[in-house]
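Beneath this line is the structure, given in structure tokens, with notes to follow.
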Amino acid sequence: MTVTHPVGAEEVVLGGGRSPAPPDRPPATGTAARLTRPLPALLLVGLLAAGWQLMAHTSDSALIPGLGDIARNLADITTSGALGENVRVTLTRVTLGFAAAFVVSVAAGIAMGRSEWLRRFLEPAVLIGLATPGLVKALLCVIWFGVSLVNPVLTVALAAAPALTINIAQGVRAVDPALGEMAHVYRLDALTRLRYLWLPAIVPDLFTGARLGIAMAWKVIVLVEIFGLADGVGYQLNLEFSQHNVAGVLAWTVAFALVMAAIEYGLLQTLERRAVRWRRVALR
Amino acid sequence: MSTRISLDGVDKTFTNRRTGERQQIFRDFSLTLAPDELVAVVGGSGTGKTTLMHLIAGLERPDRGTVSTGGTRPRLGMVFQQPRLLDWTSVETNVRLAATAAGIDTTEVAPILDAVGLTEYARSYPSVLSGGQRQRVAVARAFVVRPEVLLLDEPFSALDELTARRLRLLLQQLWLRTPRTGLLVTHNALEAAFLADRVVVLGGRPAEVVGEYRIDRPRPRSPEDPELFDVHRRIVAALT
Chain A
848 MTVTHPVGAE
858 EVVLGGGRSP
868 APPDRPPATG
878 TAARLTRPLP
888 ALLLVGLLAA
898 GWQLMAHTSD
908 SALIPGLGDI
918 ARNLADITTS
928 GALGENVRVT
938 LTRVTLGFAA
948 AFVVSVAAGI
958 AMGRSEWLRR
968 FLEPAVLIGL
978 ATPGLVKALL
988 CVIWFGVSLV
998 NPVLTVALAA
1008 APALTINIAQ
1018 GVRAVDPALG
1028 EMAHVYRLDA
1038 LTRLRYLWLP
1048 AIVPDLFTGA
1058 RLGIAMAWKV
1068 IVLVEIFGLA
1078 DGVGYQLNLE
1088 FSQHNVAGVL
1098 AWTVAFALVM
1108 AAIEYGLLQT
1118 LERRAVRWRR
1128 VALR
Chain B
13 MSTRISLDGV
23 DKTFTNRRTG
33 ERQQIFRDFS
43 LTLAPDELVA
53 VVGGSGTGKT
63 TLMHLIAGLE
73 RPDRGTVSTG
83 GTRPRLGMVF
93 QQPRLLDWTS
103 VETNVRLAAT
113 AAGIDTTEVA
123 PILDAVGLTE
133 YARSYPSVLS
143 GGQRQRVAVA
153 RAFVVRPEVL
163 LLDEPFSALD
173 ELTARRLRLL
183 LQQLWLRTPR
193 TGLLVTHNAL
203 EAAFLADRVV
213 VLGGRPAEVV
223 GEYRIDRPRP
233 RSPEDPELFD
243 VHRRIVAALT
């Protein structure tokens, strides 16, 4: 055992011997950097559009409309208000369904992550949910619930919940058990543990699950709206399809893709950056 | 409130899940901590020091025997070997959450952060702090709850010696403000002699008390006190 020579008691006074002041925070990322960040993605979109236009021009077929036709259809549905109204309806359904999936998945995922017995108990349901095609979920919900709001909300929830649950469970299993012991010793209540321990600790898995869940949600909501509802983006897609208006189908598809991109880049990535801000601070 | 802690006839065995091998850590083990007494437990690796602490903290249950903490579960303050902070929230929040859970007014958070010299870092993430600063947060969290029982599980073993010495002195001063029943588990015999009222040396397996030393030196103690070095030598002799 090493015998060392401790410092004198006079060297430490309560409140004295302060740590040096924290360093100034580095300047925020520059505006130029923020503006140039989306350039690669925009370049890809530009190349795809150019390729499409070339294909439309050379094929000269009504099945492959040019960008001008698609843009005109997009302008029509925008100015008529149809786009805004139907996107709002679809987004409401997706939001409600995803919110329901989120609540259930957080509870089930944390339970599965913390209890081996519950993991074994719930895992088959999650795996069946993952393996069942979205089409089947959509059809069954249309049959069971018809045109009521329950139909799209439940379909979206059933589609989003399995991926979300399994990712949350994996995240919880990876949380340092030492933090759980700390929470036990200090008697942190369940809500505090959820807000300050479990959710922040599983943020990366949560966002991975959310992305997969939302991707599944977009797919099934369109199916449900095609099969069993009288409004929403899926219904409008089906309407344009029945009128053999390919440019209309593509206009709704482009609009839908733009909404999904706005949610990914504008909402999910912003939330994720805020949630993991502490990691970036630590790396500076 | 002063709390007496007693372990009476405790048995504790761990079973390796993969190999099925059983290791009995304690057999009919007894130890009493008097109210407001700070007891240090030293011993080699695997002598059950941390298990002893976990039994008192309620993180483990004895297979047989009793762990008594005066009838009700006392309010615990615990400093772990690693600080165990919530890295995604601020230093102030880490301390405040423990205070709130213990029913302590959150206005007491700022003074305790001041006492450990971290006022300037109150709104910083723990991840930007040094190891010593992070452990200061853990000390602040342990003391802000006004613990009836303070548990120190090798609290400074992961720190460099200079930082560890400063934190020992800080801990002594915080202890002097409000003494409470405490258990310090450490590998460092000099640390045990400096901080504790009594040093218990554990050895063997199942663990048993192989030495016990009362440190009758007044506080605040000087780490240069030759009497402490004398106790240190006797503890080391018992360990070896």
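Here the protein sequences line up with chains A and B, keeping their order. Here the first sequence is numbered in the working numbering, starting from 848 and rising by one per residue. Here the second sequence is numbered in the working numbering, starting from 13 and rising by one per residue. All C-beta atoms, glycine included, are put in the ideal place defined by N, C-alpha and C. These figures come from a predicted structure and were not determined experimentally.
Contact set for residue i: own chain, Cβ-Cβ below 6 Å, skip 5 residues either direction
{"i": "GLY82(B)", "result": "THR15 and ARG16"}
{"i": "ALA1048(A)", "result": "VAL1022"}
{"i": "ALA856(A)", "result": "Annotation note: pLDDT 39 at ALA856(A) (below 50); position unreliable, coordinate value reported separately. Excluding residues within five positions, none has a Cβ falling inside 6 Å."}
{"i": "HIS244(B)", "result": "ALA201, LEU202 and ALA205"}
{"i": "THR175(B)", "result": "GLY144"}
{"i": "ALA1004(A)", "result": "GLY944, ALA947 and ALA948"}
{"i": "ALA134(B)", "result": "VAL103, GLU104 and LEU125"}
{"i": "ILE957(A)", "result": "VAL1019 and TRP1045"}
{"i": "LEU1059(A)", "result": "ALA1010"}
{"i": "ILE1073(A)", "result": "GLY1081 and ASN1085"}
{"i": "MET910(A)", "result": "Checking the sequence, you will find Leu at residue 910(A) rather than Met. Same-chain partners within the cutoff: VAL1093."}
8 Å CB neighbourhood of residue i in its chain, flanking five on each side removed
{"i": "ASN998(A)", "result": "CYS988, VAL989, TRP991, PHE992, VAL1071, GLY1075 and LEU1076"}
{"i": "GLN93(B)", "result": "ASP165, GLU166, PRO167, SER169 and ALA170"}
{"i": "PRO870(A)", "result": "At PRO870(A), the pLDDT of 48 sits below 50, so the modelled position is not reliable; the number obtained from the coordinates is stated separately. Once the five neighbours on either side are set aside, PRO870(A) has no close Cβ partner at all."}
{"i": "LEU188(B)", "result": "ARG231 and PRO232"}
{"i": "VAL1123(A)", "result": "VAL1050 and PRO1051"}
{"i": "ASN28(B)", "result": "ARG34 and GLN35"}
Spatial neighbours of residue i in its chain, beta-carbon cut-off 7 Å, leaving aside the 5 residues before and after
{"i": "ARG1040(A)", "result": "ALA1030"}
{"i": "ASN106(B)", "result": "LEU97, LEU98, PRO138, VAL149 and ARG153"}
{"i": "MET1107(A)", "result": "TRP1065"}
{"i": "PRO159(B)", "result": "ARG87, LEU88, GLY89 and ARG192"}
{"i": "LEU921(A)", "result": "ALA1098, VAL1101 and ALA1102"}
Under 7 Å from the C-beta of residue i: neighbouring residues of chain A
{"i": "LEU88(B)", "result": "VAL1032"}
Chain-ordered neighbours of residue i on chain B, where CB pairs are closer than 8 Å
{"i": "LEU1026(A)", "result": "ARG96 and LEU98"}
Proximal chain A residues relative to residue i, where beta-carbon distance stays under 9 Å
{"i": "THR101(B)", "result": "TYR1043, PRO1047 and TRP1125"}
{"i": "PHE92(B)", "result": "ALA1025, GLU1028, MET1029 and VAL1032"}
Whole-Å CB distance - residue i paired with residue j, under 8 Å assumed
{"i": "LEU207(B)", "j": "LEU183(B)", "result": "7 Å"}
{"i": "ALA152(B)", "j": "ILE116(B)", "result": "So it is not a contact: roughly 12 Å between Cβ atoms."}
{"i": "PRO238(B)", "j": "VAL161(B)", "result": "About 32 Å separates the two Cβ atoms, so there is no contact after all."}
{"i": "VAL973(A)", "j": "ILE1015(A)", "result": "VAL973(A) to ILE1015(A), Cβ: 10 Å. No contact."}
{"i": "LEU1084(A)", "j": "VAL1069(A)", "result": "7 Å"}
{"i": "ASP20(B)", "j": "SER42(B)", "result": "5 Å"}
{"i": "PRO218(B)", "j": "PHE38(B)", "result": "5 Å"}
{"i": "ALA52(B)", "j": "VAL156(B)", "result": "Not quite, the Cβ-Cβ distance comes to about 23 Å (not below 8 Å), so this is no contact."}
Residue span of the alpha helix (DSSP H) that contains residue i, given as start and end
{"i": "ARG1121(A)", "result": "1116 to 1122"}
{"i": "GLY89(B)", "result": "Per DSSP, GLY89(B) belongs to no alpha helix (DSSP H); it is in the beta strand (DSSP E), 88 to 91."}
{"i": "SER906(A)", "result": "886 to 906"}
Boundaries (first-last residue) of the beta strand (DSSP E) holding residue i
{"i": "ARG39(B)", "result": "34 to 45"}
{"i": "SER18(B)", "result": "17 to 27"}
{"i": "ALA52(B)", "result": "50 to 55"}
{"i": "TYR225(B)", "result": "220 to 226"}
Per-residue contacts from residue i into chain A (C-beta, under 8 Å)
{"i": "LEU109(B)", "result": "TYR1033, LEU1035, THR1039 and TYR1043"}
{"i": "ALA113(B)", "result": "TYR1033, ARG1034, LEU1035, ASP1036 and THR1039"}
Worksheet entry | Members of the segment 1029 to 1059 of chain A that neighbour chain B once the beta carbon cut-off is set at 7 Å | For the segment 1029 to 1059 of chain A, which is checked against every Cβ of chain B, the residues closer than 7 Å are MET1029, HIS1031, VAL1032, TYR1033, ARG1034, LEU1035, ASP1036, THR1039, TYR1043, LEU1044 and PRO1047.
Worksheet item: Which residues, in chain order, does the segment 1000 to 1023 of chain A contribute to contact with chain B at a C-beta distance below 9 Å?
Response: So the close ones are ASP1023.
Item to complete: Mind checking the segment 225 to 243 of chain B against chain A and listing, in chain order, the residues whose C-beta falls within less than 8 Å of any C-beta there?
Response: Residues PRO232, ARG233, SER234, PRO235, GLU236 and PHE241.
Discussion item. Along the segment 156 to 171 of chain B, where does the CB come closer than 9 Å to a CB of chain A? Name the residues.
Written reply: Contact annotation: in the segment 156 to 171 of chain B, residues whose CB is within less than 9 Å of a CB in chain A are VAL157 and LEU163.
Fill in: Proximal residues, the segment 124 to 155 of chain B versus chain A, C-beta separation under 7 Å
So the close ones are ASP126, ALA127, GLY129, LEU130, GLU132, TYR133, SER136, TYR137, SER139, VAL140 and GLN145.
Discussion item. Counting only Cβ-Cβ distances shorter than 9 Å, please list the residues of the segment 64 to 76 of chain B near chain A, keeping chain order.
Written reply: When C-beta distances to chain A are compared with 9 Å, the residues of the segment 64 to 76 of chain B below that value are HIS66, ALA69, GLY70 and LEU71, in chain order.
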